[in-house]
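In my numbering, the protein residues as written are 33 to 976. This report refers to the structure that appears directly beneath it.
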Amino acid sequence: MVFPKQMLLASTAVVASAIAGLIAPAGAQTAPSSAPPAAAEQPVSAQTPPTQATPSGDADSDIVVTGIRGSLRNAIAVKREANAVVDVISAEAIGKFPDRNVAESLSHIPGVSIDRRFGEGEKVAILGTDPALNRMLLDGHALASADWGGNDNDPSSRTFNYSLLAPELVDRLEVYKSPEPRIEEGSLGGTVIVRTRRPLELKANSIFASGGYSYNDRSDKGNVRGSGLYSWKNDVETFGVLVAATYDKQSLTRAGVEFFGYDNAAANADGTYNSPFVNRAQDGTLSLKSPGATITGGTIADLYKAASPFGINYAYFQQTRERQSVSGTVQYRPSSELTLTLNGLHINGNYDNYSQSMYTIPGAWTGNVLQSANISNGVVNAATFGAATSQSAQLDTLVRKTKLTTDNLNLFADWEGDDGAKVSFAGGWSRARGGRNPEYLFNVQTKLPFSYAFTNDTATVNFTGDPTNPANYFTNPNNNPAQIEGSPVLIGGTQLNAAQIGGLDYSVTTDRDIFGGYDATIPVSFGPFTQLMLGARVTDHVNRIDGRGINTYLTTSQLASQLNVPTASTPDGTFSGSGGLGNATQYLNLSEQSVIDILANAINSPLIRKIGASTRVKETVAASYAQLNFEQSGFRGNIGGRLVYTKDVSDYALTLSTAANPNPVPTPTTTSTDYLKFLPSFNIAYEASSSLIFRGAVAKVISRPRYQDLAASISQNDTTRDAGGGNPNLKPYESTNYELTAEFYPRPGSLLAVEAFRRDISNYIITTRTEGVTLFNSLTGRLENNYSVSQPINGGKAKVNGILVSGQSEIWGGFGLQANYTYQDSTTSSTDASGADLNLPYLSKHTVNVIPYFESGPFQARLSYNYRTKYFRTIGRLGAREMVAAYNQLDLSAGFNLTKQVTLSLNAQNLLDETYRQYNATPDRPTAFYKNGRTYVASLSFRL
């Protein structure tokens, strides 16, 4: 493991080397080339891509720099001429993006980081802010988004799952860290604009085709992948058509250990504790719930106050990610002033997955059969238990059928007059669907004695007996009057009396976005002002979750060996290297079809609509802006504001349990809110010399709450006794953002930049948690008063301050280097269950990127190393402050041009086979260890 101090020293050395490379002369280098038009001078939807970089200022030069160096030069050119703080990643050629995943490429930008909980990047955090608070715009416009239902920290978010976006379709990525009035609002940290290609900007009959094979060493499976693009335009360049298609498939296997929070983590308000192992009499006398148990590392008083794992879960997760996408663009230019563009995108993703979880609940299930316990630093880090009276462990199986679709259709009309006046009209529609459709749930239980022990990075669970033997497992034996959504389950007109063993859960998200608007650019000449930009947009957005379900029952408990389905055990080596040890690493396994068959052959309730799990949020936004661009005496920039009106109508259902009605029918409810915000911004750049630029920016921004947070319905976990609900009266996050940068461009392909930023966030949405709430437990069939319920509210404040240092240079002999370092820190008014201050989610104090590359003749190679220090992820079960340990990522890509048109490429991801580790506040309270494995890809591509 690389320690933070060593990493910081290494990063300092690397950045120093980059600076040295910038200062030192390089052979055959000349002055910077003329740059493309400033991005700020065009409507967001109508910006043209930069031309290929040339090594001299001679516009007639025949020498064109392509490949890695060409893409970096193009990115520098856009950044240099922008009138805001912008970072750019540009494709090397058609279909040739730096990484196989767009989020992975974004993580190379200073101040941008990603979370790799499932192996590959799905969401991006910008300048220390949660991914849910940063927007992705496709060609300048929002795209509807839905997720696959397994990401616990992103229910109905406003961000986009970048793993769905094929990098072959992308021309370049622009990350706006300081906003301009013309850019759609909604981001706290920054806005990502994904630029796609257009046929009138490409050569006629441009062709790209690629085929390859990917392999993941954790799943030990491989898959084929392919993509293609064709672009045509007529000789007079007035009509063009572009079509593209991609296919990608990945087989993922993730194995790891999860801890369901910690029991007895803090004292009650009266100073007492809720120990699962120790009784306390009214006079304060302490006694063991399991008389005769031995205690080491402390006394019974220490055990009474000690925290212990609420649950320890050996999680075995398998997923197939299959993505198909088709896109097309048609452009027609009836005159030299007018261009019409119609583009469409269809993404079809199959994210089916299967999760098998073997877990113990030591205190609640077996606290009364405790045999021994060891206390270390206030935590029961090892314990042994006898045979349970009811159950000691449970195997949950969850088969998720998840299909993701995204459809998008946009129409643009761009007019430009001879005097520089411009008018653009845009309208579009997009819809996304995803979620669990359905999720098959089934579980069996066991009474086997067991022991556990854990350290910072390992967990050991050993059962006395064979956890792979189906005869050691049984279905739920607790018969109760069956109910679903507060209504009795009737069989032959009589309420069923049976034990629930699982069911089918349907939770389908539909996200739909319709927009229309215009942008105008008017040349002006008064004082330093050169352009007046005006625009307006109306957006109608609906985010809906439709819940349905079936409960499944048996009237008589059965052994797993009596279920008439084939059984197996966890494959050898599944948990190898994950930190999971003991014979719990191999337990009873059921195939996906076995789970489906067991449920089909049992007693099933009718399929009903789950009113309590169904929500709908309709959001209407009307925005207008005015922006003045200026340029004089080396100064340039823009000033203006955006006026935004938002109305939210939330439909949801409340389920309020009482002693008289413990399992009530949900009550439909509607809440409507609205607000008006003015968002001014100011960007200024000063060219002190031909190679030195200083920038400054200040802006007011907002980020709207997650859609699911705007619905007040409560979802609950009856095993861990925690629940969560929304709040339809939430207001948006608000922030005042500040940026200062200095950029040095000594020669083509070289850049040294220093950036300081601040996010002064008010109205921050924080999560409050109420303990001891009474809810109906469907597993036990009764009301229980030990639920922990969380709900979001406004009122928090936060500040993020940071410094970024970045450099890149073409060094010598085909070698080059990109490197950046980010320092960021935050303060918040939020605290966890213990009263400790919380950091902002996904904010690492230190992040380092080092990307050396080599490019000469037909060969090129790039090594990408990323390191980030620990960061807070979310508030987990039982109020756990989920921290992610420091993480290293090393990727490699290489290519060889077999001919001028044919290239062989190799990619390797996660070469260090890093373990993803989580813990509750301090490393001695681990909450998860995951292994995702390495991925290797070989591909052959053709370009013409």
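All C-beta atoms, glycine included, are put in the ideal place defined by N, C-alpha and C. On a predicted model such as this, the values are computed, not experimentally measured, just so you know.
Apart from the 5 residues on each side of it in sequence, residue 146 sits with its Cβ closer than 6 Å to the Cβ of 135, 139, 153, 156 in its chain, given in chain order. The C-beta distance from residue 415 to residue 480 rounds to 15 Å, too long to fall under 8 Å, and the pair is not in contact.
Residue pairing by DSSP places residue 158 opposite 144, 161 in a beta bridge.
Contact check for residue 160 against residue 875 passes: the beta carbons are separated by less than 7 Å.
Rounded to whole angstroms, residue 792 and residue 732 show a C-alpha spacing of 10 Å. Nearest in C-alpha terms to residue 699, of all of 724, 753, 682, 644, is 644. Of all alpha-carbon atoms in 438, 405, 423, 721, the one lying nearest the alpha-carbon of residue 358 is that of 438. Short of 7 Å from the beta carbon of residue 858, and not among the five residues preceding or following it, lie these beta carbons of its own chain, in chain order: 160, 830, 831, 832, 871, 872, 875. Distances from the alpha-carbon of residue 230 to those of 897, 276, 429 put 276 closest. Around the Cβ of residue 844, a 10 Å sphere holds fewer than 16 other Cβ atoms; the residue is exposed. CA-to-CA, the gap between residue 513 and residue 684 works out to about 27 Å. Per the coordinates, the alpha-carbon of residue 805 lies some 6 Å from the alpha-carbon of residue 820. Here residue 273 is near residue 362, since their CB atoms are less than 7 Å apart.
Scanning 937, 568, 933 for the CA closest to the CA of residue 893 turns up 937. Assignment of residue 268 by DSSP, reduced to helix, strand and coil, places it in the coil class.
By the C-beta criterion, the region 208 to 217 is judged to be in contact with the region 671 to 685, since at least 3 inter-stretch pairs fall below 8 Å. Taking residue 488 as the centre and dropping the five residues before and after it, the same chain places the C-beta of 951, 955, 956, 958 closer than 8 Å to its C-beta, in chain order. Comparing alpha carbon positions, the residue from 759, 174, 206, 608 closest to residue 682 is 759. With fewer than 16 other Cβ atoms from the protein chains shown falling within 10 Å of its own Cβ, residue 890 counts as exposed. DSSP, read as helix, strand or coil, puts residue 121 in strand.
A direct Cα-Cα distance of roughly 11 Å separates residue 766 from residue 737.
In the DSSP annotation of this structure, the continuous segment of the beta strand (DSSP E) that includes residue 533 starts and ends at 529 to 558. Here residue 608 is actually not in contact with residue 289; their C-beta atoms are around 13 Å apart, not less than 8 Å. Residues of the same chain with a CB within less than 6 Å of the CB of residue 641, apart from the 5 flanking positions on each side, are 580 in chain order. Rounded to the nearest whole angstrom, the CA to CA distance from residue 269 to residue 364 is 9 Å. Here the C-alpha atom of residue 823 lies approximately 16 Å from the C-alpha atom of residue 913.
Between the region 502 to 518 and the region 548 to 565, the count of Cβ pairs shorter than 8 Å is below three; the stretches do not touch. In this structure, residue 718 lies near residue 667, with their beta-carbon atoms less than 7 Å apart.
Residue 101 is classed as buried because its beta carbon has at least 16 other beta carbons within 10 Å across all chains shown. Separation of the CB atoms of residue 615 and residue 599 is rounded to 17 Å, and the pair is thereby denied contact status at 8 Å. Nearest to residue 504 by alpha-carbon distance, out of 735, 449, 511, 594, is 594.
In the three-state DSSP reduction, residue 341 falls in the strand class (E or B). DSSP places residue 286 in the strand class (E or B) of the three-state scheme.
If you check the CB distance, residue 166 and residue 179 do not come in under 7 Å.
For residue 648, the enclosing beta strand (DSSP E) covers residues 647 to 664. Relative to the Cα of residue 948, the nearest Cα in the group 940, 964, 939 belongs to 964.
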